[in-house]
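Numbering (our numbering), first residue to last: 713 to 935.
Below, the structure is given as C-alpha cells:
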C-alpha cells in the first residue's frame with residue numbers, strides 16, 4: 713500500500729463518505745478480542761428511514777489487494793466494457809465487491825442470511841476524484857488497526873460538541889469573575905460544566921509521588 717498523506721493520528725475516525733443517493737461508506741479500525749488480529753471494518757449504510765446497514769471485515773492483506781485495484785481505477789476504459797472487479801469475503805461470509813471505473817467506483821457490501829438477520833445489499837457510489845482520499849483513509853485505518861493490535865494506537869482527540877464548548881466558555885467567564893478566582897477554581901468549573909470527574913486527592917498524591925520518584929531517578933543518573 714502507498715504511504716498515506718493522512719496519518720493514523722490525523723485520520724478522522726471513523727472515516728465517512730456519503731454519495732448522492734444518500735448511501736454512506738464508513739471505515740473503522742478494529743481488533744478481534746480473541747487473537748488480537750487487526751481488521752478494517754467496512755459499513756455500507758442506506759441512510760433512508762428504515763434503510764439497511766451491512767458490514768464486512770477486511771484483513772490487512774485484503775486492504776492491500778483492494779488498494780492495488782483502486783490505484784488503477786483511473787486507467788479503466790468504460791467504452792470497452794471490461795472492468796477489473798475486486799471481491800473479498802470475510803470470516804462471517806459477508807462480501808465486499810468493488811467495481812472501479814474512470815468516473816466512479818461502486819462499493820457493494822452484502823450480508824448473508826442467518827438465523828438473526830436477513831440478506832441485504834447496499835451500494836455506495838464513490839466519485840473517482842475522491843478515490844485518493846478514500847485510499848488514504850483505507851491505508852491509515854489499516855495502520856491504526858495494526859497499531860491498536862500492537863498496543864501502540866494513537867487515540868484521536870475527543871472533539872467537544874458546540875454545546876459543551878459553550879458551557880465550558882461560560883464556566884470560564886463565570887469562575888474568572890469570582891473574587892477568589894484562581895486556576896484551580898476555573899478548572900473545577902470547566903470540568904463541572906463538561907460533567908467530567910477530576911481525580912481524587914489520593915490519586916493526585918500518588919501521581920505526584922511517582923513523578924517525584926522519576927525525576928529523582930533521572931537526576932541520579934545524570935550525576
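Don't be surprised by glycine CBs; every beta carbon is placed ideally from N, CA and C.
Exercise. Note down the Cα distance separating residue 904 from residue 883, rounded to an integer number of angstroms.
Key: Position 192 of the chain shown holds residue 904. Position 171 of the chain shown holds residue 883. The alpha-carbon atoms of residue 904 and residue 883 are separated by roughly 9 Å.
Exercise. Can you tell me the Cβ-Cβ gap for residue 754 and residue 821, rounded? I've got them flagged as a contact below 8 Å.
Key: Against the chain shown, residue 754 aligns to sequence position 42. Against the chain shown, residue 821 aligns to sequence position 109. That pair is a contact at about 6 Å.
Exercise. Please state whether DSSP places residue 872 in a helix, a strand or coil.
Key: Numbered from 1 along the chain shown, position 160 holds the residue referred to as residue 872. Reduced to three states, the DSSP call for residue 872 is coil.
Exercise. Please go through the same chain and pick out, in chain order, the residues whose beta-carbon is closer than 7 Å to the beta-carbon of residue 829, but skip the five residues on each side of it.
Key: To locate residue 829, count along the chain shown from 1; it is residue 117. 823.
Quiz prompt | Per-residue burial, residue 890 [other beta carbons within 10 Å of its own, 16 or more giving buried] | solution = By one-based count along the chain shown, residue 890 stands at place 178. By the 10 Å Cβ count, residue 890 comes out exposed.
Quiz item: Skipping 5 residues on each side, what residues in its chain have a beta carbon closer than 7 Å to that of residue 839?
Solution: Locating residue 839 in the chain shown gives position 127, counting from the first residue. The answer, listed in chain order, is 816.
Practice problem: Take residue 778 as the anchor and find which of 763, 908, 801 and 759 has the nearest alpha-carbon. | Solution: Counted from its first residue, the chain shown places residue 778 at position 66. The option with the nearest alpha carbon to residue 778 is 801.
Quiz item: For residue 728, which beta-bridge partners are listed by DSSP?
Solution: For the purposes of this step, residue 728 is identified with residue 16 of the chain shown, where counting begins at 1. In the DSSP secondary-structure assignment, residue 728 is bridged to 738.
Quiz item: If you check the beta carbons only, do residue 836 and residue 728 fall under 8 Å apart?
Solution: On the chain shown, residue 836 is found 124 positions in, with the first residue counted as 1. On the chain shown, residue 728 is found 16 positions in, with the first residue counted as 1. Against a cut-off of 8 Å, the Cβ pair of residue 728 and residue 836 comes out as no contact.
Exercise. Return helix, strand or coil for residue 865, following the three-state DSSP convention.
Key: Start at 1 with the first residue of the chain shown, and residue 865 comes out as number 153. Residue placement at residue 865 is flagged as unreliable, the pLDDT there being 49, under the threshold of 50; the coordinate-derived value follows with that caveat. Residue 865: coil per DSSP, three-state reduction.
Exercise. Check residue 918 in the structure and name its three-state DSSP category.
Key: Start at 1 with the first residue of the chain shown, and residue 918 comes out as number 206. Residue 918 carries a helical assignment under DSSP once its states are collapsed to helix, strand and coil.
Exercise. Tell whether a beta-carbon distance below 8 Å holds between residue 897 and residue 752.
Key: Translated into the one-based positions of the chain shown, residue 897 becomes position 185. Translated into the one-based positions of the chain shown, residue 752 becomes position 40. Their beta carbons are not under 8 Å apart, which means residue 897 does not touch residue 752 by this criterion.
Quiz item: Run through DSSP, which three-state label would residue 750 get?
Solution: Translated into positions along the chain shown, residue 750 becomes position 38. Correct three-state label for residue 750: strand.
Exercise. Would you list the one or two residues that DSSP bridges to residue 799?
Key: Taking the chain shown and counting its residues from 1, the one referred to as residue 799 is at position 87. Residue 799 has 809 as its beta-bridge partners, per DSSP.
Self-check item: Beta bridge counterpart(s) of residue 767 as assigned by DSSP
Solution: The residue you call residue 767 lines up with position 55 of the chain shown. 755.
Quiz item: Whose CA, out of 870, 768, 783 and 818, lies closest to the CA of residue 804?
Solution: Taking the first residue of the chain shown as position 1, residue 804 is located at position 92. Taking only the C-alpha atoms, the option nearest residue 804 is 768.
Self-check item: Best match in 732, 773 and 764 for proximity to residue 749 [C-alpha to C-alpha]
Solution: Taking the first residue of the chain shown as position 1, residue 749 is located at position 37. The option with the nearest alpha carbon to residue 749 is 773.
Quiz item: Apart from the five residues just before and just after residue 775, which ones in its own chain have a Cβ nearer than 6 Å to its Cβ?
Solution: Numbered from its first residue, the chain shown carries residue 775 at position 63. Contacts found: 752, 850 and 854.
Self-check item: Rounded separation between residue 865 and residue 858 - CA only
Solution: Position 153 of the chain shown, counted from the first residue, corresponds to residue 865. Position 146 of the chain shown, counted from the first residue, corresponds to residue 858. The pLDDT assigned to residue 865 is 49, lower than 50, so where the model puts this residue is not dependable, and the model offers no usable value.
Quiz item: What's the call for residue 887, buried or exposed, on a 16-neighbour Cβ count within 10 Å?
Solution: Residue 887 sits at position 175 when you count from the first residue of the chain shown. By the 10 Å Cβ count, residue 887 comes out buried.
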